[in-house]
Amino acid sequence: MQVEGIVSVIGEVESFGSNGFTKRLLVVKTTEQYPQDIPVEFVKDKTSLLDALVDGDSVKVSINLRGREHNGKYYLSAQGWRIDIVE
Numbered sequence: 562m563q564v565e566g567i568v569s570v571i572g573e574v575e576s577f578g579s580n581g582f583t584k585r586l587l588v589v590k591t592t593e594q595y596p597q598d599i600p601v602e603f604v605k606d607k608t609s610l611l612d613a614l615v616d617g618d619s620v621k622v623s624i625n626l627r628g629r630e631h632n633g634k635y636y637l638s639a640q641g642w643r644i645d646i647v648e
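Position one of the sequence shown corresponds to residue 562 (our numbering), numbered consecutively onward.
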C-alpha cells in the first residue's frame with residue numbers, strides 16, 4: 562500500500578527498552594480534496610530513510626498496516642518501509 566503527499570513532520574529517533582528498539586515518526590499530508598495527516602512509523606534500520614527528507618518534500622511512502630489488540634481495544638498503525646521523492 563502507498564501514501565502520497567507532502568512531508569509535514571519528521572520526528573526524532575526514539576529508543577525503547579534495553580534491546581535497542583528504535584522508532585521514528587513521519588507525517589504525510591495528502592493532497593486530495595480533503596487533505597489528511599497520515600502518521601507513518603519507521604522502525605529499526607528503516608529510521609535512517611528519513612534522514613534525507615525535509616518538510617515540504619513530495620513523497621510516495623510504501624507502508625504495511627499493522628493491527629494489534631490490548632486489553633480488549635484494537636489499534637492500527639502504518640509502518641513505512643520505503644520512501645520515494647516525487648518530482
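Glycine included, C-beta positions come from ideal geometry on N, C-alpha and C.
Return the bridge partner residues of L614 from the DSSP annotation. Here residue 614 is taken as the residue at index 53 of the sequence shown, counted from 1. Bridge partners of L614: none, in fact.
At least 3 beta-carbon pairs within less than 8 Å: the stretch 629 to 644 vs the stretch 599 to 607: yes
Tell me where the beta strand (DSSP E) around P600 begins and ends. Here residue 600 is taken as the residue at index 39 of the sequence shown, counted from 1. Segment 598 to 604, the beta strand (DSSP E) holding P600.
If S638 and E593 are in contact, beta carbons under 8 Å, what's the gap, nearest whole angstrom? As a working mapping, residue 638 is identified with position 77 in the sequence shown. As a working mapping, residue 593 is identified with position 32 in the sequence shown. Not really, about 21 Å apart at Cβ, beyond 8 Å.
Report, in whole angstroms, the separation of the C-beta atoms of T583 and V574, which I expect to be a contact under 8 Å. Residue numbering aside, residue 583 sits at position 22 when the sequence shown is read from its first letter. Residue numbering aside, residue 574 sits at position 13 when the sequence shown is read from its first letter. Confirmed, about 5 Å.
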